[in-house]
Amino acid sequence: MKEELFISGRNIPNVDPYLNIWHWQIPIYLYLGGLAAGIMFFAGYFTIMRKEKDMETTVKWAPFLVPGALVVGLFALFLDLKHQLYFWRLYTTIRLESPMSWGAWTLMLVTPLSFIWVASYMKELFPKWDWKFNILNKAEALAIKYRKSMAWAMMLLAVVLGVYTGILLSAFNARPLWNTSVLGILFLTSGLSTGLAASMWMSKSKYERKVLSRLDLIMIGIELFLIIHMLMGFLAASEVQIEAAHLFLGGEFTVVFWVFVIILGLVFPATLEVLELKGFHIPVWIPALLILIGGLVFRFVMVEAGQITRFLY
Amino acid sequence: MGPLIPQEIITGQWDFVIALLIGGAFGFILEASGFSSSRNIAGVFYGYNFVVLRVFFTAMIVAMVGLLYFSYFGWIDLDLVFVLPTYLNSMLFGGFLMGLGFVIGGFCPGTSYTAVAIGKIDGIVFATGFLIGVFLFAEGFPFYEDFYTANDLGNITIGEMFGISNEWIAFLFVVVAIVAFYVTWLIEKRVRKNMTEYKFE
Amino acid sequence: MDTKIVKKQQPKYINPYFGGILLGLLLLAAFFIAGRGLSASGAVKLLVVTVVDKVAPAHAEGNAYYSKFIPADGSSPLYNWLIFGAIGTFFGGMLSGAIFGRLKKLRVEHSPKISARTRLIAAGAGGILFGIGSQFGRGCSSGAALSGTASLSFGGLIVMALMFGIGYVFAWFFRKLWI
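Protein chains in written order, with this note's numbering: chain S, 1 to 313; chain F, 314 to 514; chain Y, 515 to 693.
This is how it looks when you write it as structure tokens:
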């Protein structure tokens, strides 16, 4: 049993000594943001590479998930706000030093862009679709004409979105577990990996699945590398960071982290994907589902564990 | 030196991660040996596939002899190793029910997990039935609570029960195992003469 | 050995003695690391306890069997070596099935002489019997019989002897299910 005696006046409920203000809404939002970023990035990438014909699901079908994911994620974020009626104020200013401002504006751009992307492919996938208004037909033609520019914009904004989900946490320099610059790239990679898993699951073409699963293996490899180096970085830093790392190395989050995020969420699906590439037949939904769940659990673990770490005593 | 976790050499929550890995190896070995198919398992009762006996007996004697060797070298402290307690009446009854369940269902819980993992619906049904069975037992527990704990002989070993040293028991097991392997090999050959298919997926 | 040419390809299994040695070594490792053997039935028991505790906590507290497994500090009963062992068994089996090509669509495996429905009823009945029996026996075939006898427990020996003995006694009555 751990007893802590407060002798100083430092006992602000929900903030000191343990931050306890971010609950399930934030991990859900981070996860959906990463997933959307992953899907959009590869949709844009394969369009620019002129591979739309080979990678149909990634470019055309998977982005259907993005508007929904972003709306649900933003709604979760909205639920988390304290002064919900004033959310619009985020959009009255651009503050380059604030990750939240970056995120708000990126989402402001990305959400309509994803809607337009999906809309531009509607007629191709649902031949009987009719916009009913002439202006919408003209808009659709415009969108199709500028698909390549949209693809570039989507790719770049997706990277910003993915990185921002991590930078949002790492901007909290009072939380030792979060205050690492690795988190931005790590969440981006995790988001790309979940996006690939979602596209892979939806895909019907063997060639596409092969390409996506190769990319996914690279992403998982990078993710494992980053996680290991993040932990090593913590262990080589100051005492609070060492304590933070120990939450994952024997502390209360060890099991959830290693079992559900690393082994079942990364290593085991990667093994299955390698087997699939070597010719063994694996039903594609197994590694895809495991990666998707692993990403979600990872966000939850990071948000919860981070709020426990602190600099004081 | 061992066992490691009860002596806190491995601390914290790592033991659950290790449990996952050991379980993973367990499931892998079971499935790779053919235990994910109920028809393979039931073969031990009808003589066409003795994989259950071979794997079980071999594992048992390897682990038994291994434990004794480890203890002899001082690598493990046998007092800290969990020995299943003996409740005579309850275990006799339990073994009876399990035997019936084994021959009817063709699975045991561990193998049913591997069967579920490879997509066998009868494995899923067995596992669900198992869940229901445990639930039924627990619900009716007040009725047979006394029977459950009757005749508690404690954590005694076979050696203590019969007054023979553990090493002799292990030796006896090895001898029995070798005899059993030979006899079952003969039986299997005879039974398989009349069958075309005896190893199932 | 067998010279009959079977139409289907023979399923790929490892040599049973080899598998037994591996299993024995694994059991030894489990004893060395954790001081206990493997068991699959314990995980289901904890799952039942958790569900009942969630749905009807008062009933769970009152029942002498459930209350034994509900930890006093309020953490979930699922926080246990056995649960993670069971999860691992599931995924380990999946990996092996993937490597040996047995990971296919959902199917019922039954003798051609009976219907799938019969097999499922038998599996369900067998499961229920095994469930009740495993609680009386303090373990299942891996927990009581295998690990118990390996650690030279007398109870383990009884359970194993009875399980297989009774199986042989009743095998003749249920032969229609299998051969």
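The C-beta atom is built at its ideal place from N, Cα and C for all residues, glycine as well. If you're wondering where the values come from, they're calculated on a predicted model, not measured in any experiment.
Around Ile286/S, the same chain offers Leu272 as residues with beta carbons nearer than 7 angstroms, after the five sequence neighbours per side are excluded. Straight-line spacing of the CA atoms in Lys148/S and Thr47/S works out to 7 angstroms. By the beta-carbon neighbour count (other beta carbons within 10 angstroms, threshold 16), Tyr91/S is exposed. Here the stretch 197-209 of chain S lies against the stretch 274-294 of chain S, with 3 or more beta-carbon pairs under 8 angstroms apart. Secondary structure of Arg299/S (DSSP, three-state): helix. Counting along the chain, no beta strand (DSSP E) covers Asp587/Y, and no H or E run does either. Closer than 7 angstroms to the CB of Phe329/F there is at least one CB belonging to chain S. In this structure, Ala430/F lies away from Trp595/Y, with their beta-carbon atoms at least 7 angstroms apart. Put simply, the stretch 646-660 of chain Y touches the stretch 419-427 of chain F. At least three CB pairs are less than 8 angstroms apart. The C-beta of Phe280/S comes closer than 7 angstroms to at least one C-beta of chain Y.
In this model, Asp465/F and Ala570/Y are separated by some 31 angstroms (Cα to Cα). In this structure the stretch 398-411 of chain F lies against the stretch 668-678 of chain Y, because at least three pairs of beta carbons, one per stretch, are closer than 8 angstroms. Counting only runs of at least 4 residues, the stretch 625-690 of chain Y fully encloses the following alpha helix (DSSP H) elements, listed from N- to C-terminal order: 630-651 and 668-685. Taking 7 angstroms as the threshold, the shortest C-beta distance from Gly250/S to chain F falls below it. For the pair Val558/Y and Phe448/F, the CB atoms are not nearer than the 7 angstroms cut-off.
In the three-state scheme derived from DSSP, where H, G and I count as helix and E and B as strand, Leu466/F is classed as strand. Taking 7 angstroms as the CB threshold, Ala612/Y lines the interface with chain S. Interface residue (Cβ-Cβ distance to chain S less than 7 angstroms): Thr324/F is classified as such.
The C-beta of Val255/S comes closer than 7 angstroms to at least one C-beta of chain F. When DSSP states are grouped into helix, strand and coil, Ile21/S belongs to the coil group.
Asp328/F and Pro319/F have their C-alpha atoms spaced approximately 10 angstroms apart. With a minimum length of 3 residues, the unbroken runs of beta strand (DSSP E) contained wholly in the stretch 428-489 of chain F fall at 465-467.
Burial check for Trp129/S: the Cβ neighbour count within 10 Å stays below 16, so the residue is exposed. Annotation: Leu391/F to Val330/F spans about 24 angstroms, alpha carbon to alpha carbon. When the Cα atoms are used, Ile263/S and Ile335/F turn out to be separated by approximately 13 angstroms.
In the structure shown, the three-state DSSP call for Tyr146/S is coil. For Trp201/S, no Cβ of chain F is located within less than 7 angstroms of the residue's own Cβ.
The DSSP-derived three-state label of Tyr31/S is helix. Below 8 angstroms, enough C-beta pairs join the stretch 445-460 of chain F and the stretch 561-577 of chain Y to call them touching: three or more. Residue pairing of Ile389/F in beta bridges, as defined by DSSP: Gly315/F. Not one beta carbon of chain S lies nearer than 7 angstroms to the beta carbon of Leu317/F. Only Leu264, Phe268, Thr271, Leu272 and Leu275 from the stretch 260-275 of chain S bring a Cβ to less than 8 angstroms from some Cβ of chain Y.
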